[in-house]
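Undergrad:
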Amino acid sequence: MKRAEIRVNGIVQAVGFRPFVYRKAIESDLTGGVRNLGGAGVDIYLEGKKEDINSFLSKLKNQNPPLAQINEIKVNWTKPKGLNEFKILESLDESSGTGIIPSDTAICEDCLEDIKEQDNRFFNYWATSCVNCGPRYTIIKKLPYDRENTSMTDFPMCSDCSKEYKNPMDRRYHAQTIACPKCGPKTYLEEKENQNPIIKSTRLLKENKILAIKGIGGTHLACRADKDSTVKKLRTRLKRPNQPFAIMAKDIEMANKFAEISKKEKKYMKSLKRPITLLNKRKNNPLSKFIAPGLHNIGVMLPYSGLHHLLFNEINFPLVMTSANLPGEPMYIRNKNIKEGLKDIADNYLLHNRNIVTRCDDSVIRVNKSTGLNLIRRSRGYAPKPIKKELGENTILALGAELDNTIALYNNKNCYISQYIGDIDNLKTFKFMKKTIDHLMDLTNIKSIDKVVCDLHPNYQTTKYAEEISDPIKVQHHHAHMASILGEKDLKEIVGIAIDGAGYGGEREIWGGEIMVATKEDFKRKGGLIPQPMPGGDLCTKYPARMIAGILYSIEELSDILNEFYFPHGKEEIHNVIKQIKNSTNVFKTSSAGRFLDSVSTLLNICEKRTYEGEPAMKLESCAKNNEGIELELEYEKKNKKIYLDTRDLLIKLMKLKDEINRSKIAATAQENLAKGLSKIAIETCKEKGIKNIGLSGGVSYNNAISHQIKKEIEKEDLNLLTNKQIPPGDGGTSFGQLIVASEKADRNEVTST
1 MKRAEIRVNG
11 IVQAVGFRPF
21 VYRKAIESDL
31 TGGVRNLGGA
41 GVDIYLEGKK
51 EDINSFLSKL
61 KNQNPPLAQI
71 NEIKVNWTKP
81 KGLNEFKILE
91 SLDESSGTGI
101 IPSDTAICED
111 CLEDIKEQDN
121 RFFNYWATSC
131 VNCGPRYTII
141 KKLPYDRENT
151 SMTDFPMCSD
161 CSKEYKNPMD
171 RRYHAQTIAC
181 PKCGPKTYLE
191 EKENQNPIIK
201 STRLLKENKI
211 LAIKGIGGTH
221 LACRADKDST
231 VKKLRTRLKR
241 PNQPFAIMAK
251 DIEMANKFAE
261 ISKKEKKYMK
271 SLKRPITLLN
281 KRKNNPLSKF
291 IAPGLHNIGV
301 MLPYSGLHHL
311 LFNEINFPLV
321 MTSANLPGEP
331 MYIRNKNIKE
341 GLKDIADNYL
351 LHNRNIVTRC
361 DDSVIRVNKS
371 TGLNLIRRSR
381 GYAPKPIKKE
391 LGENTILALG
401 AELDNTIALY
411 NNKNCYISQY
421 IGDIDNLKTF
431 KFMKKTIDHL
441 MDLTNIKSID
451 KVVCDLHPNY
461 QTTKYAEEIS
471 DPIKVQHHHA
481 HMASILGEKD
491 LKEIVGIAID
501 GAGYGGEREI
511 WGGEIMVATK
521 EDFKRKGGLI
531 PQPMPGGDLC
541 TKYPARMIAG
551 ILYSIEELSD
561 ILNEFYFPHG
571 KEEIHNVIKQ
581 IKNSTNVFKT
591 SSAGRFLDSV
601 STLLNICEKR
611 TYEGEPAMKL
621 ESCAKNNEGI
631 ELELEYEKKN
641 KKIYLDTRDL
651 LIKLMKLKDE
661 INRSKIAATA
671 QENLAKGLSK
681 IAIETCKEKG
691 IKNIGLSGGV
701 SYNNAISHQI
711 KKEIEKEDLN
721 LLTNKQIPPG
731 DGGTSFGQLI
741 VASEKADRNE
751 VTST
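Under full-length UniProt numbering, the first residue of the sequence shown is numbered 1, with each subsequent residue one higher.
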């Protein structure tokens, strides 16, 4: 007889791992026990024949519950103690060394069948779940993962649930979220009526009402998506005139009526992660024209909770499902706050009495025709699952970007990237960020931080906070983008194309169209887009006509040109903007690809005022869809051994095309030639440096046409294009890039170069 003491690390709590171990131990005729540990690991004690223990270990490595992920197994052989049965033991607070918390997942097919069967005790129960599905990250207060350490502690099990919980052969054996209509969380409508709240809610939706619906990790504002008047009413109340709304469809068949869905897109939509997936609209689709005005695509998700499925049992139309929050603020998760904060927006509130411990917005993805999966927002279903990397011994906290913020932690070969947090310039979001740091440190068993890393911008809230708590390592924004690719691909050096809206490049310089040679430790700028005047700084992002004024400043007929475009204060403002540029008063320089695309969008009268982030460039892409551009002769400027694409010359050439071809073709021409110009500089840099890999990252890389053209140009030269796959190429991925840079610089505490 032998005894094996086994420690398992990975995603092994909240995934049905202990019941799995129990069943495999019984099958192998072994005695002993299994218990959760405070660091999210599991200890197993086995006694029996050595060959039976080895058989068990083989099953442990090769057969696992669907949500489990084993990263490490340590086995210590010792003398047996004469145990005569196998038990699931009481959890210990002792650390296992590595904490990994599973993400929330969509309701599984088995549980879905349970809520559909009339004679099943879970029939029509909204919070039905098992060891293979349901909330995890959003309900955990602390480790180990036991019911009393989650928000399910408020709901003692009834005798029926307790019986299933204790039955080793049941899929709800030791399922901490087990609950039924007798003992579990209850839904209710704010109106006090003796009706089924879900049935009543569907009646309200049919009557064109707007509902706030509290879900698994947050709250949605919902209304029917096929009625113009209803969607317009939601826009008016939310003060979101144009920002696209996400849609929830009952199933793929319903979604297929209004969107084109490829096999890959279908696969992602039906996965347990259930992200919002950006899909191309069908022509003459039944959705309201106010869902995503001016855009060729829409964000669509399928139901991921029992509550959603029960709503769709009673309705046959898609729903708007947009995050319930005021502009810039985190999503509401407390019942009191939902009612108070949304009182002027929602007509009623479908709530439940289970607390959400950690808010987690819906994830958003796009399948790019050239580069594959793009994670736009890595949140529900993905976070906080770690990326395995060997980054040294230091524990590192990365504070990420100021907009679309995520934070990241590195400890013991794991990079934990938080859920989507939002824009940190809002005080409530800033507090949410700090709370997320504390909570994620608790859940990952991180006791202290060795190094803090932040953006280079001196006035960001993240930078100020980093300086309050440490002597931080500071990383230039676009270097972080490139480092995220280096980290994902485990490469030492790449030529990078970093294209986005903005990143601090130094005193009065805003970057966003950069070609660089990047290593994990440092980077060297090799060119990009010529910096152009940006009169009024951030005002150019809201009113892109100002950016046109900056780019075309030296043209004699500038005033006449600008009269065609929108300035809030008309000719007087045009006069002041020109004077502002002439005197260099509050004028910054920017090489931003995003600002250039905004300028083209306004030049073509597609979008003259930005009402949400990325709007002009997104509408430009939609206008250009299915059109081929004209190849233009591009001008470049060489300066200090760097090559710059002349965007002034490009904008003038596009302007001259307005009398010759339609604006959709000009929009396509702008995107294609911008991509060609950037590619040429990157390719020449590769040849100069003998580098084969080009990385593409930054928010503009979400543009299908631009990324496709860049890939085409690069592959013509037998070079490799690399893009982010595990993290967003937008600002939500910079926290990971900061970790990569900081791990190289931790011993020197240097600022990355410019």
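Glycine included, each C-beta is placed from N, C-alpha and C at the ideal position.
Computed from a predicted model, the values in this text were never measured in an experiment.
How many angstroms separate the CA atom of E85 from the CA atom of I26?
TA: 9 Å
Undergrad: Roughly how many angstroms separate the alpha carbons of residue 757 and V42, rounded to a whole number?
TA: Only positions 1 to 754 of the chain appear in the structure, and residue 757 is not among them; the question remains open.
Undergrad: Comparing alpha-carbon positions, which option in V12, H457, K464 lies nearest H477?
TA: H457
Undergrad: Look at the Cβ atom of G496, then the Cβ atom of S697, and state whether they are nearer than 9 Å.
TA: yes
Undergrad: Quick one: what does DSSP say N120 is sitting in, helix, strand or coil?
TA: coil
Undergrad: Return the first residue and the last residue of the alpha helix (DSSP H) that N368 is part of.
TA: Premise fails: N368 lies in the beta strand (DSSP E), 364 to 368, not in any alpha helix (DSSP H).
Undergrad: Exposed or buried, P531, counting other C-beta atoms within 10 Å across all chains shown (16 or more means buried)?
TA: buried
Undergrad: DSSP on I11, reduced to helix/strand/coil?
TA: strand
Undergrad: Counting C-beta neighbours from all protein chains within 10 Å, is the total for residue 788 16 or more, i.e. buried, or is it exposed?
TA: Outside the shown range of the chain (1 to 754) lies residue 788, about which nothing can therefore be said.
Undergrad: Return yes when the Cβ of R136 is within less than 9 Å of the Cβ of A14, no when it is not.
TA: yes
Undergrad: Excluding the 5 residues flanking K524 on each side, which residues of the same chain have their C-beta closer than 7 Å to its C-beta?
TA: M516, V517
Undergrad: Should N673 be listed as close to the ligand SAM, given that the test is whether its C-beta is under 8 Å from any heavy atom?
TA: With respect to small molecules bound, the structure shown includes none, and the ligand SAM cannot be examined in it.
Undergrad: Looking at the secondary structure, which residues open and close the alpha helix (DSSP H) in which I485 lies?
TA: 477 to 489
Undergrad: Taking R663 as the reference, give the member of S601, T685, K687, N693 with the closest Cα.
TA: S601
Undergrad: What does DSSP give as the partner residue(s) for N374 in the beta ladder?
TA: R366
Undergrad: Decide if N132 is buried, meaning its Cβ has at least 16 other Cβ atoms within 10 Å, or exposed.
TA: buried
Undergrad: Which stretch, first to last residue, makes up the alpha helix (DSSP H) that contains H569?
TA: Taken as a continuous stretch (DSSP letters only), H569 belongs to no alpha helix (DSSP H), as it is neither H nor E.
Undergrad: On the criterion of 16 or more Cβ atoms from any shown chain inside 10 Å, does residue 774 qualify as buried, or is it exposed?
TA: Within the shown structure, residues of the chain are numbered from 1 to 754, placing residue 774 beyond reach of any answer.
Undergrad: On the DSSP bridge assignment, give the partners of K388 in chain order.
TA: N414
Undergrad: Given a cut-off of 9 Å on the beta-carbon distance, is the pair G732 and L375 in contact?
TA: At a Cβ-Cβ threshold of 9 Å, G732 and L375 count as neighbours.
Undergrad: Output needed for Y465: all residues of its chain with C-beta closer than 7 Å, excluding positions within five of it in sequence on either side, in chain order.
TA: Listed in chain order, the non-local C-beta contacts of Y465 below 7 Å within the same chain comprise L399, local neighbours out to five positions each way being set aside.
Undergrad: Thinking S323 and D347 are a contact (beta carbons under 8 Å), I'd like their distance in whole angstroms, please.
TA: That belief does not hold up - the Cβ atoms of S323 and D347 are roughly 18 Å apart, past 8 Å.
Undergrad: When we look at the beta-carbon of D114 and count the other beta-carbons within 10 Å, is it buried (16 or more) or exposed?
TA: buried
Undergrad: Identify, in the order they occur along the chain, each residue of the same chain with its Cβ nearer than 8 Å to the Cβ of N724, setting aside the five sequence neighbours on each side.
TA: Counting only Cβ-Cβ distances below 8 Å, and skipping sequence neighbours, we find N374, L375, S484, I485, E488, S697, G733.
Undergrad: Three or more beta-carbon pairs under 8 Å between the region 311 to 327 and the region 210 to 228, yes or no?
TA: Yes: at least three Cβ pairs fall under 8 Å.
Undergrad: Hey, how far is the Cα of I681 from the Cα of I247?
TA: Going by the C-alpha atoms only, they are around 40 Å apart.
Undergrad: Under 8 Å by Cβ, that's how I've got I581 and Y553 pegged, so tell me the actual separation to the nearest angstrom.
TA: 5 Å
Undergrad: Excluding the 5 residues preceding and the 5 following I561 in the sequence, name in chain order all residues of the same chain whose CB lies nearer than 8 Å to its CB.
TA: I548, L552, I555, M655
Undergrad: Return yes when the Cβ of N280 is within less than 9 Å of the Cβ of A746, no when it is not.
TA: no
Undergrad: Secondary structure at H174, three-state DSSP: helix, strand or coil?
TA: H174 falls in the coil class under three-state DSSP.
Undergrad: Can you tell me whether V75 is helix, strand or coil according to DSSP?
TA: strand
Undergrad: For G527, write down the residues that DSSP places opposite it in a beta bridge.
TA: I515, I643
Undergrad: Note down, one range per segment and in chain order, each alpha helix (DSSP H) of at least 4 residues found wholly within the region 220 to 278.
TA: 228 to 238, 252 to 255, 263 to 270
Undergrad: Put residue 757 into one of helix, strand or coil per three-state DSSP.
TA: Missing from the structure shown is residue 757; the chain here goes from 1 to 754 and no further.
Undergrad: Between the alpha carbons of F20 and R378, how many angstroms are there, rounded?
TA: 29 Å
Undergrad: Count the C-beta pairs between the region 45 to 60 and the region 380 to 391 that are closer than 8 Å, then say yes if the count reaches three, no if not.
TA: no
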